[in-house]
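Asks: Residue numbers (the numbering used here): -7 to 91. Backbone N, C-alpha and C fix where the C-beta goes; we use that ideal spot for every residue, glycine too.
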DNA sequence: CGGCTGGCGTCGT
DNA sequence: TACGACGCCAGCC
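Okay, here's the thing in structure tokens:
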């Protein structure tokens, strides 16, 4: 199974209303410091819309990037009940999903 | 709080 | 097939 298939599968475990970080997702698939790799794969995203890549944020609390634009990502997260302020997650620890 | 460096899979040459 | 550059970060200074 390809790495992106693992990431894609793991990401689907994240329920609506909860999010994860690039680092955690990377570790979930067996990578130590694969944060950037995860982000890169999300960008290449082989299955747009099917993969909720908008539920993946940076460990610093910032939204991070998004293939369709950060504002779109922010809007989707807000729609799932996640509080965002000035481009950052307000209660990251509270909305963070644990694998 | 801002900036620089580390570290790893993919893509292109 | 092999090597180098790049990218929706993370962590330390």
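DSSP beta-bridge partners for residue 11?
Replies: The sequence position of residue 11 within the first chain is 19, counting from 1. Paired residues: 88.
Asks: Once DSSP output is grouped into helix, strand and coil, what is the label at residue 49?
Replies: As a first step, residue 49 must be located in the first chain, where it is residue number 57. Reduced to three states, the DSSP call for residue 49 is strand.
Asks: Pick out whichever of 57, 43 and 33 has its Cα sitting closest to the Cα of residue -6.
Replies: Locating residue -6 in the first chain gives position 2, where the first residue counts as 1. It is 33.
Asks: Within a Cβ cutoff of 6 Å, which residues of the same chain sit near residue 56, ignoring the five residues on either side of it in sequence?
Replies: For the purposes of this step, residue 56 is taken as residue 64 along the first chain, with counting starting at 1. For residue 56, where only same-chain residues beyond five positions count, the Cβ hits under 6 Å are 49 and 50.
Asks: For residue 132, which residues from the same chain have a beta carbon less than 7 Å from its beta carbon, with the 5 sequence-adjacent residues on both sides left out?
Replies: Nothing about residue 132 can be reported from this structure: the residues present for the chain run from -7 to 91 only.
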